[in-house]
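Each remark here refers to the structure printed beneath this line.
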Amino acid sequence: MSSGAAKRVSKSIVDWARFTAVCPKHQLDMLRAVKAKHDTFINKVHTLPENLPKIDFAGYKARLPDPAMADRFEKAYAALSIPYPVDKANMLKQVEEEHQENEKKVKTYVANVQAAGQESKTFLSKIDSLPQFEEMTVEMFNYYFPETALNPERPTFWPHIEEQQPYNPEFKYYK
């Protein structure tokens, strides 16, 4: 590998071990295919030289019937410059901003999941403190779960879901 190639692509940006750990099992084959393509491209970059190879134009001048043609080719080859690609649309900045937004969303999601987990643990501890099912009465059930108890002042109609009840402000009567 040439030293120029090492400067161009010294380290993979992708953490493949972490990526594999979070990848769903049904997508592992696709991930392996992407990694193989990535490795192929990186290896090709490493095999290519950093600069254009030197051409012996003196040998061509001696063999060509028109040495002026070799001079034109030599000037054109010397003027050839392949610039490193520039991010004109500033896509890298947009990707980084999107990454920051996604990090915020992930933190919010994790906090919500942890809160739901804590709520579930509280509910399970509530269930563990209940008396045996055979010993429980309706009054006991209403005491432990007041949100499910029937309220005679607010009877519900079928279907017994909150969105379909007349006292719900978002309820719309069907015409």
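Okay, so the sequence shown: first residue is 27 according to my numbering, each after it adds one.
Even for Gly, the Cβ is constructed at its ideal location relative to N, Cα and C.
None of these values were measured; they are calculated from a predicted model.
Same chain, Cβ closer than 8 angstroms to residue i, five either side skipped, listed in chain order
i, result
"L90", "A96"
"F45", "L57"
"F197", "E189, Q190, Q191"
"P157", "M166"
"W42", "K61"
Run of the alpha helix (DSSP H) containing residue i, from where it starts to where it stops
i, result
"M56", "54-73"
"S146", "117-154"
"V164", "164-170"
"E100", "93-105"
"R89", "83-89"
"A43", "42-48"
Proximal residues to residue i (C-beta, below 7 angstroms), its chain only, five neighbours per side dropped
i, result
"K87", "P93, A96"
"N1", "As shown, the chain starts at 27 and ends at 201. That puts residue 1 outside it, with no answer to give."
"K201", "In this prediction, K201 has a pLDDT of 44, which is less than 50 and means its spatial position is unreliable; what the coordinates show is noted afterwards. Result list for K201: empty, nothing under 7 angstroms."
"N168", "A175"
For the 8 angstroms Cβ check, are there 3 or more pairs between the region 65-83 and the region 99-110? yes
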